[in-house]
Amino acid sequence: MKKAILISLAIFVFLLVALVSLPFIFKDKIAERIDREISNTINAQVYFDINKISLSIFKRFPHISATVEELGIIGNPPFQNDTLVHMDKLQIDFNLRSILFDEYPTLTGVHLDGGTVYVKVLEDGRANYDITYPSEEETPESNFKMAVDIISINDVAVVYDDRQLKYFMALGNIQAEGKGNFTLNQYDLPIKAEALIAEITYEGINYLRNKQFKGETLMHIDMEQMKFSFGKGDFALNDFLFDFGGYIAMPEEGIEFDLSFGGRDNSFKSILSLVPGMYTDSFASLRTSGTMDFSGVFKGLYNETAFPSFDIGLQISEGFFQYPELPRPVSDVNVDIRIQNQTDNLDNTSIQIPVFNLNFGSNPLSGHFTLANLVSYDMDGALKGKLNLEEMTSIFPIEGMTLKGLLDINATAKGRYDSVSQLIPAIDAQLLLANGYVKSKEYPSPIENLNVSATIQNKTGKMNDFLVDLSRFGFDLEDENILGRLRISDFSLLNWDGAIKGAVDLGKLLAIFPMENIIMEGIIRADLFTKGSYKDVEEGRYNRLDTRGNIEVSKFYFTSSDLPQGIRIHDSKADFSPERINLIQFDARVGQSPVQATGYLSNYLNFALKDNEILKGQLSLNSSKFDVNEWMSESSNSEELTVLELPKNIDFSMSVAANEVIYDNMNLKEVKGTMNLKEGVLTFRDAGMRALGGQISLNGTYDPRDLSEPKFDFGLNLANLSIAQAFENLNTVKAFAPIAQHLTGNFNSNLNFSGILGQDMMPVLSSLSAKGLLKVAEAAFQNSQLLQGITSLTRLNDTNTLQFRNVTIPIEIKNGILEVRPFDVRLWDYQANVQGSTGFDGTINYLVNMQVPAGKFGAQANTLLANISGTEANASTLIPVAISLGGNYSNPRISLAGGNSIENLLATALQSRVRNEKENLEQQVTQQFKAAEDSIKKELQLKAEMVQDSVKREAERRVSDTKERVTEEAKNVLKGLIRPKPAKPDTTRKNDN
18 MKKAILISLA IFVFLLVALV SLPFIFKDKI AERIDREISN TINAQVYFDI
68 NKISLSIFKR FPHISATVEE LGIIGNPPFQ NDTLVHMDKL QIDFNLRSIL
118 FDEYPTLTGV HLDGGTVYVK VLEDGRANYD ITYPSEEETP ESNFKMAVDI
168 ISINDVAVVY DDRQLKYFMA LGNIQAEGKG NFTLNQYDLP IKAEALIAEI
218 TYEGINYLRN KQFKGETLMH IDMEQMKFSF GKGDFALNDF LFDFGGYIAM
268 PEEGIEFDLS FGGRDNSFKS ILSLVPGMYT DSFASLRTSG TMDFSGVFKG
318 LYNETAFPSF DIGLQISEGF FQYPELPRPV SDVNVDIRIQ NQTDNLDNTS
368 IQIPVFNLNF GSNPLSGHFT LANLVSYDMD GALKGKLNLE EMTSIFPIEG
418 MTLKGLLDIN ATAKGRYDSV SQLIPAIDAQ LLLANGYVKS KEYPSPIENL
468 NVSATIQNKT GKMNDFLVDL SRFGFDLEDE NILGRLRISD FSLLNWDGAI
518 KGAVDLGKLL AIFPMENIIM EGIIRADLFT KGSYKDVEEG RYNRLDTRGN
568 IEVSKFYFTS SDLPQGIRIH DSKADFSPER INLIQFDARV GQSPVQATGY
618 LSNYLNFALK DNEILKGQLS LNSSKFDVNE WMSESSNSEE LTVLELPKNI
668 DFSMSVAANE VIYDNMNLKE VKGTMNLKEG VLTFRDAGMR ALGGQISLNG
718 TYDPRDLSEP KFDFGLNLAN LSIAQAFENL NTVKAFAPIA QHLTGNFNSN
768 LNFSGILGQD MMPVLSSLSA KGLLKVAEAA FQNSQLLQGI TSLTRLNDTN
818 TLQFRNVTIP IEIKNGILEV RPFDVRLWDY QANVQGSTGF DGTINYLVNM
868 QVPAGKFGAQ ANTLLANISG TEANASTLIP VAISLGGNYS NPRISLAGGN
918 SIENLLATAL QSRVRNEKEN LEQQVTQQFK AAEDSIKKEL QLKAEMVQDS
968 VKREAERRVS DTKERVTEEA KNVLKGLIRP KPAKPDTTRK NDN
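The C-terminal residue of the sequence shown carries number 1010 in this note's numbering, and the numbering is unbroken.
Quick look at the structure:
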């Protein structure tokens, strides 16, 4: 018995050890299989770390589970900067028997824990989820066998951005689980899901925001018919419970819908939970009564030419709610809404709201509205009500704010809108706000005498009878007050007559209506009158327009999180006429830089009222000291400039004069010049400054019309610039003339300079083109490895200093290569000729041809001369010494051209002189050098093209990022609404492991 127990125990321990060991034994096999299946099926960049793959037999016994952490997919161009999927943790279950005995594993479960999915469809229909291989390509068939019986999702966020349909959806905290036999053609799938609906927007209209969804249903899946049916289930949106049933099918001609839905909880409170601002922590304690009925159907085919029919209805009867801590309720809420379309044409949609009324305390509000279709827009509507604003604070929790005043609304509209026939609905609407009063606990004084009287009328339905009359608008705030009026008549001509007069203290307004992370103060005074017709603006008849008056700004200050430098305007004054706005005075400080300006704007009425008009103007700007560094955009590690897009609808000339400008690490003095902005291109004319120890003058253009490849083209005149300072401050000099770090002296140059700017507004070295002459009056070259290498090789001079005088160097930059054409120079006491090139990557390739008297080589030359018959060679005979410079400046490779030693070179040269072959050696060396240089240039040109392509891709990414700010803001909404999570690695970078 004891022996049997021990044997059984041993078998148990063996099995346990085997179960623990199996994952480690088969880890490489499973990982290799996963990698192979990915490469066979997915045409995208998939990143994961092999060291973050773990296997376990116990997570879902008898299945073996492979868990991968930090797994993701990045799309191919044009989606190379978008992470389609990032998974914090992905668990895949396999049938253990298939691992042990079958040739191919059988997949049995998928579990996703944490992650994000970002689906993007461009305007042209290209989608980042299209990552399978095209059908015309032969794709290896996947060998995975499918027997999945569970799929679970936990804490996943999804962003769907369809720019073709103008549809946007952001979901967060998605939890879902489905169980079924996924290998069958038909199967039932019990599924439970919940998610935070952060935002759903279609064609610019927001339909849902910050709503909590929960659902549980039984789906029937028919894969042969591609039909997905929904059985009886429970669904909720916040506290709104509803049924959802029917099916969605995907035949070849489109998507077929047959869905019905309806409210389950007929209480008014359930629908109230969907009202923005109502579903808060105190919602549960809200006192409510009343009934609700909601139902709808959505049936038909959806494709490019058809839209399903629908019929959606909502009825609310005797609705009532009251906050428990407030004395007055909202009562007698009665609403009847029906949105209907019985055809497959969306234009035939009709809206009927025959009943709409409620009471805000003792203030009734009622109305009705009917819209026949979305073609002729035949409508009939009315809204009428009186609101005592003081009662609003006793109905809704408005903390720290006191409101008073009477708001009276009475509006009707009936008829159709037809721009061709010049018809609009007949309208009769009045809005009156009397004795308005607003007081915040943040500021002791209130806004008083807030009065608004507005009328919109069109009794005949014709556009020329249209009238908007804002006969009175104004308010008082302590010692300042504002009064205004505006009248617009004839919808086709848009005649206007308006005026505004008064002053407002922005600091007081901000105290009453605070804005986060913004500081603002100052007084604005205005006295403006305007009268005219838009028709006259179109025809350019400005003499018929009457616009006059002035605006003054004083003691103004503004700063925010987006503008931390701050702007302060001490005094500013502008007057208005129909032709132009004149800036008479402008004394300000932007950041720490004082600025004064005068100028004008013309064509401003056309620009404001019409499309494709050009705003013209002129400005004179002066500053005693302007710090550009203050306005460099901040990044996480340093400060950098970013490409500035220039407007194409502005024709503007600006003359600038600044005593001092600080830019990067340079201090520019006596900066002046004229800049012209036209058609999105900035032109510099007669610009100049004292910098780098000398004078810089320039003319040229900055052209950012293609934001991914902003161009510049300048003509530079450089006079008496310090070589050392140029090297210290200019990246271009560091790249193409590294020799400058060991040169002292000044230089002059006339240079035409063009290329592409990177996203940091610095020149892309591989794109540069330039041509000109570099003139050095006097300079010293010393303490250089290059110089030491030459003296060590030739043993002609043991000093480490060279003096240059009156040297003219012809230079040209093409395809990122600085080409130095042959020029003469004296190296020590020897005449020399230098030519070659420097690449944008720092590589150098130069040939130095020196003429050295034979006697300078000492004893070895005398011995050779004694052995040579004839009298043509002597100690004064010039020996051509060709030196090749390669590598890079900091680590140069220095050798005699052709690889000869000094001894062989000397013997060969002297023999050549005797045989009258004086030119042969130098010509041969030069020809060999040029042949090698052509090969080097081709390699550099290819590298330059690759670098420019890389820069363009990065630029396009940044441009795309800029255009996607709305998407990013929605993603940030998700981050703010769901629980904080640890930061993830950069998911647009592939793991090298």
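Cβ atoms here follow ideal geometry from the backbone N, Cα and C, with glycine treated the same way. Remember, predicted model here, so these are calculated numbers, not experimental data.
Using the beta-carbon count (16 or more within 10 Å), is residue i buried or exposed?
i            : result
residue 150  : exposed
residue 203  : exposed
residue 535  : exposed
residue 105  : buried
residue 625  : exposed
residue 839  : exposed
residue 68   : exposed
residue 1002 : With a pLDDT of only 37 at residue 1002, under 50, the local geometry of the prediction cannot be trusted, and the value read off the model is given with reservation. Exposed, since its Cβ has fewer than 16 Cβ neighbours within 10 Å.
residue 600  : buried
residue 437  : exposed
residue 22   : Unreliable placement is indicated for residue 22, whose pLDDT of 43 sits below 50; the coordinate value is still reported in the next sentence. Exposed is the call here.
residue 593  : buried
residue 224  : exposed
residue 100  : buried
residue 530  : exposed
residue 286  : buried
residue 967  : Confidence at residue 967 is low in this model, with a pLDDT of 49, below 50, so its placement is unreliable and the value that follows should be read with caution. Its Cβ having fewer than 16 others within 10 Å, residue 967 is exposed.
residue 869  : buried
residue 580  : exposed
residue 979  : Confidence at residue 979 is low in this model, with a pLDDT of 44, below 50, so the placement of that residue is unreliable and no value is reported for it.
Alpha carbons only, please: which of the options is nearest the one belonging to residue i?
i           : options               : result
residue 355 : 616, 583 and 333      : 333
residue 871 : 811, 860 and 827      : 811
residue 670 : 308, 700 and 758      : 700
residue 139 : 181, 510 and 766      : 181
residue 867 : 858, 861, 860 and 847 : 847
residue 218 : 227, 503 and 290      : 227
residue 616 : 148, 622, 639 and 224 : 639
residue 515 : 544, 522 and 539      : 544
residue 7   : 186, 125, 133 and 273 : Look at the range of the chain in this structure, 18 to 1010, and you will see that residue 7 is not part of it.
residue 698 : 908, 735, 727 and 410 : 727
residue 458 : 416, 663 and 499      : 416
residue 718 : 732, 725, 385 and 707 : 732
residue 314 : 284, 292, 294 and 277 : 277
Report, in whole angstroms, the separation of the C-beta atoms of residue i and residue j, which I expect to be a contact under 8 Å.
i           : j           : result
residue 93  : residue 130 : So it is not a contact: roughly 27 Å between Cβ atoms.
residue 320 : residue 270 : 6 Å
residue 541 : residue 520 : 7 Å
residue 712 : residue 737 : 7 Å
residue 565 : residue 546 : 6 Å
Cβ of residue i within 8 Å of Cβ of residue j?
i           : j           : result
residue 83  : residue 65  : no
residue 9   : residue 136 : Past the boundaries of the shown model lies residue 9; the chain is included only from 18 to 1010, so the question cannot be answered.
residue 842 : residue 821 : yes
residue 631 : residue 667 : yes
residue 353 : residue 375 : no
residue 412 : residue 448 : no
residue 783 : residue 857 : yes
residue 401 : residue 453 : no
residue 900 : residue 807 : yes
residue 786 : residue 772 : yes
With a threshold of 8 Å between beta carbons, is residue i in contact with chain B?
i           : result
residue 167 : Judged by its chain identifiers, the structure shown contains no chain B, having just a single protein chain.
Is residue i near the ligand SAM, going by C-beta to nearest heavy atom under 7 Å?
i           : result
residue 644 : Ligands in the displayed structure: none, and consequently the ligand SAM is not present.
Given 8 Å, three or more beta-carbon pairs between the region 456-467 and the region 429-444:
no
So, do the region 362-369 and the region 383-392 have three or more beta carbon pairs nearer to each other than 8 Å?
yes
For the structure I just gave you, are there three or more beta carbon pairs, one from the region 233-251 and one from the region 202-216, closer than 8 Å?
yes
Between the region 337-355 and the region 289-304, do three or more beta carbon pairs fall short of 8 Å?
yes
Quick check: the region 440-455 against the region 475-483, are there 3 or more CB pairs under 8 Å?
yes
Whether or not the region 798-805 and the region 746-760 are in contact is what I'm after, with contact meaning three or more pairs of Cβ atoms, one per stretch, closer than 8 Å; do they touch?
yes
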